[in-house]
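Right, one structure below, let's go through it.
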Amino acid sequence: MLESLLVPTAIVALAEIGDKTQLLALILAARFRKPWPIIAGIVAATLANHAAAGAVGAWVSGFFSETVLHWILAASFTATALWTLVPDKMDDDESTARRFGPFLTTLIAFFLAEIGDKTQVATVMLAAQYPHLIMVIIGTTLGMLIANVPVVLAGNFAADKLPLTLIRRLAAAAFVVLAIVAVYSAMKSSGWVG
22 MLESLLVPTA IVALAEIGDK TQLLALILAA RFRKPWPIIA GIVAATLANH
72 AAAGAVGAWV SGFFSETVLH WILAASFTAT ALWTLVPDKM DDDESTARRF
122 GPFLTTLIAF FLAEIGDKTQ VATVMLAAQY PHLIMVIIGT TLGMLIANVP
172 VVLAGNFAAD KLPLTLIRRL AAAAFVVLAI VAVYSAMKSS GWVG
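Residues in the sequence shown are numbered from 22 upward in steps of one, following the working numbering.
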């Protein structure tokens, strides 16, 4: 059960590095200068988005064998590794932010930004892989918070100081390692390796 929490936490924290939602967190922190409503918005949006993604993943897991799920997970990690290397950009819409305030702006923006994002795809795959859906959702949400809360708290200061290219490359390398582990697990569960 602990693995259903810890692995999703680590994977989403890595996937989130340099992601558009991290850029969004930085922009919101710089604009509103109110970290706690922004953090609360991130939590609410992530829980809602990842609960839906997790439900899809749990549903999909009934259609595939453990071996096939390992192969799909390996492909997902490989794609995420490549996706991590591509910097995200985000449009800045000042009027919407002022109208809704920090919590609602964050809630809406984060929920929408996560649709089809690599962390949502990872949540689907992790929920298909691990049997404890609630732990996966909690883990993916914790991963989002680990990556985004420091950015919110640091505000503009962190944006100029972090070597994002190096961080993205290290995160991509970590996903390659995870893909290799998933390939090994797929081969082991199919009896190709002992």
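Just so you know, even glycine gets a beta-carbon here, dropped at the ideal spot from N, CA and C.
Could you check whether residue j and residue i sit closer than 8 Å to each other, using their CB atoms as the reference points?
i	j	result
residue 131	residue 66	yes
residue 50	residue 58	no
residue 143	residue 32	yes
residue 134	residue 45	yes
residue 62	residue 140	no
residue 47	residue 172	yes
residue 96	residue 196	no
residue 106	residue 194	no
Considering just the uninterrupted stretch of the alpha helix (DSSP H) at residue i, what are its terminal residues?
i	result
residue 25	23-37
residue 225	Nothing about residue 225 can be reported from this structure: the residues present for the chain run from 22 to 215 only.
residue 142	139-150
Which residue wins for smallest C-alpha separation from residue i, given the options the options?
i	options	result
residue 94	42, 125, 212, 201	201
residue 160	174, 214, 145	145
residue 78	157, 124, 99	157
residue 26	198, 170, 163, 98	163
residue 211	96, 191, 88	88
residue 99	36, 165, 214	36
residue 151	75, 70, 209	75
residue 64	83, 155, 170	170
residue 124	60, 191, 199	60
residue 70	83, 84, 136	136
Any beta carbon from chain D within less than 8 Å of residue i's own beta carbon?
i	result
residue 160	Here chain D cannot be found, since the structure has a single protein chain.
With a threshold of 6 Å on Cβ separation, who are the neighbours of residue i within its own chain once the five nearest residues in sequence on each side are excluded?
i	result
residue 147	29, 157
residue 81	149
residue 153	22, 25
residue 68	162
residue 214	208
Leaving out five residues before and five after residue i in sequence, what residues of the same chain have Cβ atoms less than 8 Å from its Cβ?
i	result
residue 54	176
residue 138	40, 41, 42
residue 121	129
Spatial neighbours of residue i within its chain, please: CB distance less than 7 Å, with the 5 preceding and 5 following residues excluded, ordered by chain position.
i	result
residue 206	91
residue 168	34, 37, 38, 43
Continuous alpha helix (DSSP H) assignments of at least 4 residues falling wholly in the segment 42-121: Fully enclosed alpha helix (DSSP H) runs of 4 or longer: 56-82, 87-105.
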